[in-house]
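Residue numbers (the working numbering): 162 to 270.
Here is the structure we will look at, set down as structure tokens.
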Amino acid sequence: MSVPSITTIKIYKGTDFEKKVSIGVTTLNASNHTATAKIRKHESSETVYNFNTYIDESDNSVVISMASTITDDLSLGRNYFDIVIRNNTTNKIMKLVEGSIIVNQTVSV
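Below, the structure is given as structure tokens:
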């Protein structure tokens, strides 16, 4: 079992967000794997927001994104997220990335 990488990301409220996250595992195949990413204010919070995800096979990364209407609802300050991958053949689930997301206010929106 591999250890997930740890990272910190910034999101600005009320703006569209997209981030490519490099994955340090063997080659991902988009037709055989599904990525899921979620953000919560606290790791045990009941309120959860889903990122849109897709696997970029060209550089073995996962792209996470979120529309401005959703980022506008996020709580300011430190939040927590992770990215997990499911092998659609074996149903094996592996956490690839975890960390903090700092949500900042956007003055012009």
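Where is the CB? At the ideal position from N, CA and C, for every residue including glycine.
The model shown is predicted, which means the values in this text are computed figures rather than measured ones.
When the distance is taken between beta carbons, is residue j closer than 8 Å to residue i?
i, j, result
"K180", "I170", "yes"
"K256", "V264", "no"
"E272", "L189", "Residue 272 cannot be examined here, being either before or after the span of the chain that is shown, 162 to 270."
"N248", "N193", "yes"
"S229", "G175", "yes"
Which first and last residues belong to the beta strand (DSSP E) in which residue i is found?
i, result
"I254", "254-265"
"S166", "166-173"
"I216", "213-217"
Among the options, which one has its Cα closest to the Cα of residue i?
i, options, result
"S254", "Y173, G260, A196", "Ser is not the amino acid found at residue 254; the sequence shown has Ile there. Out of Y173, G260, A196, A196 has the C-alpha closest to the C-alpha of I254."
"V209", "D234, S183, T251", "D234"
"P165", "M227, N252, S183", "S183"
"T250", "G185, D177, A191", "A191"
"V223", "T230, Y215, S229", "Y215"
"N213", "D177, N252, G260", "D177"
Tell me which residue opens and which closes the alpha helix (DSSP H) that residue i is part of.
i, result
"T250", "Element bounds for T250: n/a, residue is neither H nor E."
"A230", "Going by the sequence as given, residue 230 is Thr instead of Ala. 229-232 is the extent of the alpha helix (DSSP H) around T230."
For residue i and chain C, any beta-carbon pair shorter than 8 Å?
i, result
"K180", "Although the question refers to chain C, the structure presented lacks it and comprises just one protein chain."
How should residue i be labelled, buried or exposed, when 16 other C-beta atoms within 10 angstroms of its C-beta is the threshold for buried?
i, result
"T232", "buried"
"Y173", "buried"
"A198", "buried"
"I167", "exposed"
"V136", "No answer is possible for residue 136: the residues shown for the chain start at 162 and end at 270."
"I262", "buried"
Count the CB pairs spanning the stretch 197-211 and the stretch 233-248 that are closer than 8 Å, and state whether there are at least three.
When Cβ pairs closer than 8 Å are counted between the two stretches, the stretch 197-211 is seen to touch the stretch 233-248, the count reaching three or more.
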